[in-house]
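Asks: After the structure tokens below, expect a handful of questions from me.
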Amino acid sequence: MIPEDLRYTAEHEWVAGDGSGPVRVGITHFAQDALGDIVFVQLPDEGTEVAAGDSLGEIESTKSVSEIYAPIAGTIVSKNASLTDEPELINAEPYAAGWLVEIAPADSGSIAQLLDADAYKALTES
């Protein structure tokens with residue numbers, strides 16, 4: 001459940017894209033599984049500037065409320081409006097329909113600094 005073509009953070013976010021254009025961001029299968037049934041998601045508005053590590057919003061589950069962190073610096077260009085009415089999409093399809101936001105990177109090279117699939121797998125197994 002760790003797609004090879006994505007990059008990851010130690011906080012369990014994934015990034016799809018190479019940084020040449022907007023990248024898609026979500027939380028990993030590992031994270032959604034740990035959270036349990038997701039019931040609410042709060043995401044930033046388009047145009048919001050974020051720095052790597054900034055809070056992007058919150059995910060509320062039946063177990064807890066967790067922060068979502070920006071994996072890279074940039075500008076939010078879109079958010080997944082489907083999650084307003086169907087936050088459970090994150091549980092059902094964390095790497096597809098359950099994506100969170102798209103970010104236009106401030107630095108396209110920042111993607112390469114994130115964890116690759118092997119490094120993320122090692123993190124989740126430790």
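For the sequence shown, UniProt numbering gives the first residue as 1, with consecutive numbering after it. Yeah, the Cβ is synthetic: ideal placement off N, Cα and C, and Gly gets one too.
With distance defined between alpha-carbon atoms, name the residue in L100, A92, W14, I111 nearest to S20.
Replies: I111
Asks: Along the chain, which unbroken stretches of the beta strand (DSSP E) at least 3 residues long are found entirely within the UniProt domain "Lipoyl-binding" (22-104)?
Replies: 23-27, 38-42, 55-61, 65-69, 74-79
Asks: Looking at the structure shown, is E125 part of a helix, part of a strand, or coil, going by DSSP?
Replies: helix
Asks: Within the same chain, show all residues whose beta-carbon is closer than 7 Å to that of G53, passing over the 5 residues directly before and after it, in chain order.
Replies: Y69, A70
Asks: Could you spell out the range, first to last residue, of the beta strand (DSSP E) harbouring E13?
Replies: 13-16
Asks: So, for T124: in the same chain, excluding its five sequence neighbours on each side, which residues have a beta-carbon less than 6 Å away from its beta-carbon?
Replies: F30
Asks: Taking all protein chains shown into account, decide if S61 is buried (16 or more other Cβ within 10 angstroms of its Cβ) or exposed.
Replies: buried
Asks: Quick check on this structure: which residue in I2, P3, A34, W14 has the alpha carbon closest to the alpha carbon of L114?
Replies: Ranking I2, P3, A34, W14 by Cα distance to L114 puts W14 first.
Asks: So is residue 140 buried or exposed if we call it buried at 16+ other beta carbons inside 10 Å?
Replies: Absent from the model: residue 140. The displayed extent of the chain is 1 to 126, so no value can be given.
Asks: Report yes if the CB atom of V77 is closer than 8 Å to the CB atom of I103, and no otherwise.
Replies: In this structure, I103 lies closer than 8 Å to V77 by Cβ.
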